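Participant: Structure below; questions to follow.
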Amino acid sequence: MFCHQCEQTAKGIACTIRGVCGKEHPTDVLQDFLIYTLADLSEVLLEEERRGLKNPEINRLIMEAMFSTLTNVNFDPERIKVYLERAVSYFTPKIKPFKDLEDLVKQAEEYEIKPETFAGQSEEIVSLKFAILYALKGISAYAYHAYRLGEESEEVYQTFKELLIQVYKDSTSDLETWIKRTLEAGKLNLIVMELLDKANTSNFGDPVPTKVPLGTKRGKAILVSGHDLKDLYELLKQTEGKGIYIYTHGEMLPAHGYPELKKFPHLYGHYGTAWQNQQREFPEFPGPIVMTTNCLMPPKDSYKDRLFTLGPVGYPEVKHISDEDFSPVIEMALRMEGFKEDLPGKEIMTGFAKKAVLSVADKIIEAVKTGKIRHFFLVGGCDGAKPGRSYYLEFVEKAPKDTLILTLACGKFRFFDKDLGNIEGLPRLIDLGQCNDAYSAIQIALALSQAFKVEVNQLPLSLILSWYEQKAVAILLTLLYLNIQNIKLGPSMPAFLNKKVLEFISKQFNLKPITTPEEDLKAILG
Ligand code: SF4
Ligand code: SF3
Numbered sequence: 002m003f004c005h006q007c008e009q010t011a012k013g014i015a016c017t018i019r020g021v022c023g024k025e026h027p028t029d030v031l032q033d034f035l036i037y038t039l040a041d042l043s044e045v046l047l048e049e050e051r052r053g054l055k056n057p058e059i060n061r062l063i064m065e066a067m068f069s070t071l072t073n074v075n076f077d078p079e080r081i082k083v084y085l086e087r088a089v090s091y092f093t094p095k096i097k098p099f100k101d102l103e104d105l106v107k108q109a110e111e112y113e114i115k116p117e118t119f120a121g122q123s124e125e126i127v128s129l130k131f132a133i134l135y136a137l138k139g140i141s142a143y144a145y146h147a148y149r150l151g152e153e154s155e156e157v158y159q160t161f162k163e164l165l166i167q168v169y170k171d172s173t174s175d176l177e178t179w180i181k182r183t184l185e186a187g188k189l190n191l192i193v194m195e196l197l198d199k200a201n202t203s204n205f206g207d208p209v210p211t212k213v214p215l216g217t218k219r220g221k222a223i224l225v226s227g228h229d230l231k232d233l234y235e236l237l238k239q240t241e242g243k244g245i246y247i248y249t250h251g252e253m254l255p256a257h258g259y260p261e262l263k264k265f266p267h268l269y270g271h272y273g274t275a276w277q278n279q280q281r282e283f284p285e286f287p288g289p290i291v292m293t294t295n296c297l298m299p300p301k302d303s304y305k306d307r308l309f310t311l312g313p314v315g316y317p318e319v320k321h322i323s324d325e326d327f328s329p330v331i332e333m334a335l336r337m338e339g340f341k342e343d344l345p346g347k348e349i350m351t352g353f354a355k356k357a358v359l360s361v362a363d364k365i366i367e368a369v370k371t372g373k374i375r376h377f378f379l380v381g382g383c384d385g386a387k388p389g390r391s392y393y394l395e396f397v398e399k400a401p402k403d404t405l406i407l408t409l410a411c412g413k414f415r416f417f418d419k420d421l422g423n424i425e426g427l428p429r430l431i432d433l434g435q436c437n438d439a440y441s442a443i444q445i446a447l448a449l450s451q452a453f454k455v456e457v458n459q460l461p462l463s464l465i466l467s468w469y470e471q472k473a474v475a476i477l478l479t480l481l482y483l484n485i486q487n488i489k490l491g492p493s494m495p496a497f498l499n500k501k502v503l504e505f506i507s508k509q510f511n512l513k514p515i516t517t518p519e520e521d522l523k524a525i526l527g
């Protein structure tokens with residue numbers, strides 16, 4: 002196998018024997034063969050669409066299937082095989098997948114995506130091709146959430162397919178063209194994040210600042226993780242009046258801020274921290290656990306039989322929910338005892354998406370003008386297991402009291418329960434939401450730049466980002482597309498970007514790796 006799509010890739014180069022994430026060779030090669038087939042299918046679809054035919058269902062399948070190849074989503078070769086079979090049911094592929102799983106894995110090995118796949122092309126171009134491919138995986142995830150809530154766009158699907166085909170079939174040796182395409186993937190992600198923002202807010206309302214208990218309540222319980230708000234909504238509806246409390250986990254935390262979700266009184270609180278702690282935190286949870294999306298880790302036996310996957314997520318021998326029918330989860334929750342007693346805990350705040358922040362824009366602007374707020378930091382992105390990630394907690398703790406910390410995605414679990422105080426009644430720690438709520442962060446930055454009549458890059462705002470999987474790759478490309486300068490990125494640089502590409506990004510956008518909190522704070526604040 003060969004995979005270097007995420008930050009924890011083996012030796013900072015690539016996973017070649019077994020994924021550090023737990024992904025095995027069969028799943029890895031099948032996922033690559035699936036993407037190869039989707040590129041093939043995309044060509045056929047684009048041709049049909051040029052003739053006026055529409056293929057909404059197949060476009061959606063492409064999004065879901067691509068999403069299943071993202072880090073920590075699907076570890077089950079059987080499920081990847083089903084996506085392949087569904088894809089080839091729509092066209093006559095150049096390479097027909099074998100029916101037997103073992104034969105199929107052997108066949109898939111030939112279509113593995115590795116640098117040699119693009120032999121004859123410069124290292125820089127190969128590097129950018131991987132960046133585009135990985136960003137497409139992130140984009141497919143957001144497009145999947147958006148279409149499930151009724152928001153999709155034919156142009157998005159078209160550009161997506163064009164980029165996918167270009168990665169595989171276009172050997173243009175002009176570096177400029179590939180830089181343009183890489184930034185185009187960033188633009189595409191911006192459009193998709195906007196679609197998803199519309200999907201989430203039109204269905205569930207604009208988030209409002211909301212207190213979320215971190216303690217637990219006596220009674221039966223279900224834990225929901227991942228990013229998909231629609232899945233959570235369906236579960237809340239199906240558990241109404243059943244005497245079960247629903248707890249969020251990981252990236253589901255911001256769900257508490259959405260009016261149409263928080264109106265369910267049994268959406269109780271938040272349990273646990275970021276994804277990499279699930280093998281420690283899940284065994285203690287006395288109820289079924291639902292993974293709507295990433296990040297799933299190989300489950301321990303102590304909770305494997307209480308785990309359920311949904312949509313693109315999968316793990317061998319773990320029960321999978323289809324057709325939004327949560328009855329097996331509910332039945333299990335009712336059979337189990339749940340929490341035996343109330344365990345009071347801290348309360349934290351979420352729900353500061355763009356509307357909530359912009360509703361106090363006057364206050365923020367005034368505080369900047371009077372020097373009460375010296376600087377804004379967006380400290381956000383993915384969490385992960387590496388020790389170097391303690392940088393982000395230290396950074397937030399060491400940031401001076403006259404600075405405001407905006408955060409998003411699961412990286413915030415390093416500091417989400419810290420009391421950082423407030424400035425003129427504004428909390429110093431502002432949770433904008435999930436990773437896709439980077440869209441909110443961008444809107445806030447644009448609004449501030451208009452208010453202060455300066456370019457975004459001249460605002461007293463610095464982005465301190467942490468990345469792990471491919472949604473973060475897509476968001477990073479969006480920020481570069483928007484020409485956001487001076488980003489600090491960690492805990493390490495993507496292995497798929499070669500030295501020259503990194504030099505180019507550093508020169509063009511002044512993007513730098515994180516160093517130490519002290520050094521970076523000094524460099525930013527002087
Ligand atoms: Fe390795 Fe990351 Fe790929 Fe898993 S997703 S195989 S850890 S590079
Ligand atoms: Fe986290 Fe997996 Fe990236 Fe949506 S849940 S941010 S890592």
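All letters in the sequence shown, in the order written, are residues 2 to 527 by our numbering. By construction, the Cβ of each residue, glycine as well, lies at the ideal position given by its N, Cα and C atoms. Small disclaimer: the values here were computed from a predicted structure and weren't measured.
(1) Ignoring anything shorter than 4 residues or poking outside the region 450-511, list the alpha helix (DSSP H) runs there in chain order.
(2) Would you call Gly312 buried or exposed, if buried means 16 or more other Cβ atoms sit within 10 Å of its Cβ?
(3) Leaving out five residues on either side along the sequence, give the residues of the same chain with a beta carbon under 7 Å from the beta carbon of Val361.
(4) Take Leu481 as the anchor and find which of Leu189, Asp521 and Leu409 has the nearest alpha-carbon.
(5) Would the C-beta of Gly527 count as close to the ligand SF3, meaning under 8 Å from any of its heavy atoms?
(6) Can you say whether Asn484 is buried or exposed, counting buried as having 16 or more other CB atoms within 10 angstroms of its CB?
(7) Would you list the residues sitting across from Cys16 in a DSSP beta bridge?
(8) By the three-class DSSP mapping on this structure, what secondary structure does Thr371 have?
(9) For Gly187, which of helix, strand or coil comes out of DSSP?
(10) Candidates Ser90, Pro345, Ile63 and Ile366: which alpha carbon is nearest Arg219's?
(11) Pick helix, strand or coil for Met298, following the three-state DSSP scheme.
(12) Quick one: Cα of Ile18 to Cα of Lys419, how far?
(13) Go through its chain and collect everything with a Cβ distance to Arg61's Cβ below 7 Å, but skip five positions before and after it.
(14) Phe453 to Ile406, Cα distance in whole Å?
(15) Got a sec: is the Cβ-Cβ distance from Pro210 to anything in chain B below 9 Å?
(16) Could you check whether His257 and Tyr272 sit closer than 9 Å to each other, using their CB atoms as the reference points?
(17) Runs of 4 residues minimum, wholly inside the region 19-93: which ones carry the alpha helix (DSSP H) assignment?
(18) For Val127, report the span of its alpha helix (DSSP H) as first-last.
(19) Got a sec: does the ligand SF3 put a non-hydrogen atom nearer than 8 Å to the Cβ of Ala136?
(20) Quick check: is any heavy atom of the ligand SF4 less than 8 Å from the C-beta of Gln9?
(21) If we count the other Cβ atoms within 10 Å of its Cβ and call it buried at 16 or more, is Ser391 buried or exposed?
(22) Straight-line CA distance for Ala15 to Cys4?
(23) Closer than 6 Å by C-beta to Pro528: which residues in its own chain qualify, once you throw out the five before and the five after it? Chain order, please.
(24) Can you name, in chain order, every residue of its own chain whose Cβ lies under 6 Å from the Cβ of Cys296, other than the five neighbours on each side?
(25) Does the beta-carbon of Thr72, which I'm using as the reference point, lie nearer than 8 Å to any heavy atom of the ligand SF4?
(26) Please classify Asp41 as buried or exposed, where buried requires at least 16 neighbouring CB atoms within 10 angstroms.
(27) Give me the Cβ distance between Ile166 and Ser43, rounded to the nearest whole Å; I'm assuming they're in contact under 8 Å.
(28) Give the list of continuous alpha helix (DSSP H) stretches no shorter than 4 residues that lie fully inside the region 353-431.
(29) Which of helix, strand or coil does DSSP assign to Lys264?
(30) Among the residues of its own chain, which have a CB less than 8 Å from the CB of Val330, if the five just before and after it don't count?
(31) By DSSP, does Lys224 sit in helix, in strand, or in coil?
(32) So the candidates are Glu261, Lys82 and Ser154; which of them puts its Cα closest to the Cα of Met194?
(33) Give a single yes or no on whether His228 has its beta carbon closer than 8 Å to a heavy atom of the ligand SF3.
(34) Do you know offhand how far Ser450's Cα is from Val380's?
(35) Here's a check: name, in chain order, each residue in its chain whose Cβ is nearer than 7 Å to the Cβ of Val502, leaving out the five neighbours to either side.
(36) Using the beta-carbon count (16 or more within 10 Å), is Asn201 buried or exposed?
Facilitator: This is what the structure holds:
(1) Taking only runs of at least 4 residues, the alpha helix (DSSP H) segments lying wholly in the region 450-511 are 471-482 and 500-510.
(2) Counting from one through the sequence shown, the residue named residue 312 turns up at place 311. Result: buried.
(3) If you number the sequence shown from 1, residue 361 lands on position 360. Excluding residues within five positions, the ones whose Cβ falls inside 7 Å are Leu427.
(4) Within the sequence shown, residue 481 is the residue found at index 480, counting from 1. Taking only the C-alpha atoms, the option nearest Leu481 is Leu189.
(5) Counted from its first residue, the sequence shown places residue 527 at position 526. Proximity of the beta carbon of Gly527 to the ligand SF3 is not indicated: no heavy atom of the ligand is located closer than 8 Å.
(6) Here residue 484 refers to the residue found at position 483 when the sequence shown is read from its first residue. By the neighbour-count rule (16 or more Cβ atoms within 10 Å), Asn484 is not buried but exposed.
(7) Mapped onto the sequence shown, residue 16 falls at position 15. DSSP output for Cys16 lists Cys4 as bridge partner(s).
(8) One-based indexing of the sequence shown puts residue 371 at position 370. In the structure shown, Thr371 sits in coil (DSSP, three-state: anything other than H, G, I, E or B).
(9) Counting from one through the sequence shown, the residue named residue 187 turns up at place 186. Reduced to three states, the DSSP call for Gly187 is helix.
(10) Counting from one through the sequence shown, the residue named residue 219 turns up at place 218. It is Pro345 whose Cα lies nearest to the Cα of Arg219.
(11) Counting from one through the sequence shown, the residue named residue 298 turns up at place 297. Here Met298 sits in coil by DSSP.
(12) On the sequence shown, residue 18 is found 17 positions in, with the first residue counted as 1. On the sequence shown, residue 419 is found 418 positions in, with the first residue counted as 1. Rounded to whole angstroms, Ile18 to Lys419 spans 40 Å at the Cα level.
(13) As a working note, residue 61 is residue 60 in the sequence shown. Once the five neighbours on either side are set aside, the close Cβ partners of Arg61 are Tyr148.
(14) Counting from 1 along the sequence shown, the entry for residue 453 is found at position 452. Counting from 1 along the sequence shown, the entry for residue 406 is found at position 405. Rounded to whole angstroms, Phe453 to Ile406 spans 19 Å at the Cα level.
(15) The displayed structure is made up of one protein chain only, and chain B is not part of it.
(16) Looking up residue 272 in the sequence shown gives position 271. Looking up residue 257 in the sequence shown gives position 256. It is not a contact, given that the beta carbons lie outside the stated cut-off.
(17) DSSP runs (the alpha helix (DSSP H)) wholly in the region 19-93: 26-51, 57-68 and 78-89.
(18) As a first step, residue 127 is located in the sequence shown; it is residue number 126 there, counting from the start. Val127 -> alpha helix (DSSP H) spans Glu124 to Arg149.
(19) The residue given as residue 136 occupies position 135 in the sequence shown. Not under cutoff, so the answer is no.
(20) The residue given as residue 9 occupies position 8 in the sequence shown. It does: the Cβ of Gln9 is within 8 Å (strictly closer) of some heavy atom of the ligand SF4.
(21) Taking the sequence shown and counting its residues from 1, the one referred to as residue 391 is at position 390. Exposed.
(22) In the sequence shown, residue 15 corresponds to position 14, counting from 1. In the sequence shown, residue 4 corresponds to position 3, counting from 1. If you draw a straight line from the Cα of Ala15 to the Cα of Cys4, it comes to about 5 Å.
(23) Since the first residue shown for the chain is 2 and the last is 527, residue 528 is missing from the structure and cannot be characterised.
(24) Position 295 of the sequence shown holds residue 296. Counting only Cβ-Cβ distances below 6 Å, and skipping sequence neighbours, we find Asn73 and Trp276.
(25) Sequence index remark: in the sequence shown, residue 72 carries index 71 (1-based). Yes, the beta carbon of Thr72 sits closer than 8 Å to at least one heavy atom of the ligand SF4.
(26) For the purposes of this step, residue 41 is taken as the residue at position 40 of the sequence shown. The C-beta of Asp41 has 16 or more other C-beta atoms within 10 Å across all chains shown, which makes the residue buried.
(27) Counting from one through the sequence shown, the residue named residue 166 turns up at place 165. Counting from one through the sequence shown, the residue named residue 43 turns up at place 42. At roughly 5 Å, the Cβ-Cβ gap stays under 8 Å, so Ile166 and Ser43 are in contact.
(28) DSSP runs (the alpha helix (DSSP H)) wholly in the region 353-431: 355-359, 362-370 and 391-399.
(29) Reading the sequence shown from its first residue, position 263 is the one you call residue 264. Coil.
(30) As a working mapping, residue 330 is identified with position 329 in the sequence shown. Same-chain partners within the cutoff: Ile223, Leu236, Pro289, Val291, Phe309 and Ile322.
(31) Counting from 1 along the sequence shown, the entry for residue 224 is found at position 223. Residue 224 is actually Leu in this sequence, not Lys. Assigned with DSSP and collapsed to three states, Leu224 falls in strand.
(32) Taking the first residue of the sequence shown as 1, we reach residue 194 at position 193. Considering only alpha carbons, the answer is Ser154.
(33) Reading the sequence shown from its first residue, position 227 is the one you call residue 228. Checking the Cβ of His228 against the ligand SF3 gives yes.
(34) Locating residue 450 in the sequence shown gives position 449, counting from the first residue. Locating residue 380 in the sequence shown gives position 379, counting from the first residue. Those two C-alpha atoms are separated by around 19 Å.
(35) The residue given as residue 502 occupies position 501 in the sequence shown. If the five residues before and after Val502 are omitted, its C-beta is found closer than 7 Å to the C-beta atoms of Glu125, Ser128 and Leu129, all from its own chain and listed in chain order.
(36) Position 200 of the sequence shown, counting from 1, holds the residue named residue 201. With 16 or more other Cβ atoms within 10 Å, it is buried.
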